[in-house]
Each structure stands twice: as C-alpha cells, then as structure tokens.
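One structure is given below, encoded as structure tokens.
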Amino acid sequence: MQYLIDGYNLQHALGMAPRASGSSLEKARLRFIEWLSVELGPAAADVLVIFDSRQKNGDADLTHRNILMRFSHGQTADDLIEQIVRDEKSPTRLTVVSNDHRVLQAGRRRGCPAWTCGEFVDWLAERKTVKQKLETPNEKPDIIASDDIAEWLKKFGEERGG
3 MQYLIDGYNL
13 QHALGMAPRA
23 SGSSLEKARL
33 RFIEWLSVEL
43 GPAAADVLVI
53 FDSRQKNGDA
63 DLTHRNILMR
73 FSHGQTADDL
83 IEQIVRDEKS
93 PTRLTVVSND
103 HRVLQAGRRR
113 GCPAWTCGEF
123 VDWLAERKTV
133 KQKLETPNEK
143 PDIIASDDIA
153 EWLKKFGEER
163 GG
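Residues 3 to 164, numbered by the numbering used here, are exactly what the sequence shown covers, in order.
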C-alpha cells in the first residue's frame, strides 16, 4: 500500500507548519518528514508526500529518510494528488491523506481508502500502541524461592539415587 499525503495539509493539522516563508518553510518541512519517517518506520518507503509549489519548475522528486517528496510546480498539490489517483492503475492500493474534501472524494471515487489527517494520526498512534504492546512481555517471569529450590533438589536428588 502506498500513502499519498497532502503534505502541507497534514503538516498544518499537526501544528508543524512554519509561521513565515523562506528557509523556515524548508526546515519545518524537513522536521515534518523526519517525524513522519520515525512514526512510520520501515513503511516510510511506501509514502509519497505532495507539497504545493508556486514555481513552475524546480527540483525533481526528493527523498529524505525514505520518504518521497514531490512538489506540484505550478499547480496545486490537490490537483496533482487527483491526477496521481486518476492515473493509478491499482487505486485501491493507495491511501489518500488530506483534510481537503475534494481530494478525499477524488480518492473515494477511485476506490482508494481516504483518511482525514486526524484519522491518519489516530492510525499512527494506534499502530504505535499495538507495537509497544507486542514488544512488552505479558507477564513477569516466576521467581523461585531458594527454599523451594532446596526442597526440589532434595526430592529429585533422592529419586535419582543421590
């Protein structure tokens, strides 16, 4: 499955959007990608984050921490996401993440799971909780009292002929 994420939309929903433009925009974007990479772990390689870009040309796709970033270059991120969903041969393998109703509807029309940013963040939190539960042992190992050990050694030692 590939996650197709409306980048600035999710970044804003998380409160990770910068207050000014310029270099702070790039720093905030990279902090967001770092966070996303940590949260997704190995699944980060299955993510395409689309960012708005007013420039008509610029960098090609960039990858940071295994997350692919694409800039819309002269069109909106929403338009680019809709185009990707429309062009996808197996749209059911895409999960669209955005708070934009138009983007969510475009994904649903093609059969994509479509999540709001809140649903995506909830899914990440639930995934993290399940992972922590799986990594935490369910019960403490039994501690055997030294008196019990002595009694067992005596009993089993006698049965062995010792």
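All C-beta atoms, glycine included, are put in the ideal place defined by N, C-alpha and C.
When burial is assigned at 16 or more other CB atoms within 10 Å of the CB, is residue i buried or exposed?
i, result
"I69", "buried"
"F34", "buried"
"Q13", "buried"
"V49", "buried"
"V51", "buried"
What's the C-alpha gap between residue i and residue j?
i, j, result
"V99", "I7", "5 Å"
"D102", "V87", "14 Å"
"D89", "I83", "10 Å"
"W125", "P115", "13 Å"
"L106", "L42", "21 Å"
"T131", "T78", "35 Å"
"E121", "F53", "20 Å"
"S148", "R129", "42 Å"
"V123", "R21", "22 Å"
"I145", "V40", "37 Å"
"C119", "G17", "12 Å"
"W117", "P44", "20 Å"
"Q159", "A127", "The question names Gln, but residue 159 is Gly in the sequence shown. Distance between the alpha carbons of G159 and A127: 54 Å."
"Q85", "A62", "17 Å"
I think residue i touches residue j, with their Cβ atoms under 8 Å apart; what is that distance to the nearest whole Å?
i, j, result
"A15", "A30", "Between A30 and A15 the Cβ distance is about 13 Å, and since that is not below 8 Å, they are no contact."
"T97", "Y10", "Contact flag wrong, Cβ pair sits at about 18 Å."
"T94", "G113", "5 Å"
Is the beta carbon of residue i less than 8 Å from the beta carbon of residue j?
i, j, result
"A47", "L38", "no"
"L27", "H66", "no"
"A75", "S55", "A small correction: the amino acid at residue 75 is His; Ala does not occupy that position in the sequence shown. Contact flag set, yes."
"D80", "R104", "yes"
Say whether the region 67-86 touches the region 147-155, bearing in mind that this needs 3 or more beta-carbon pairs closer than 8 Å, one atom from each stretch. no
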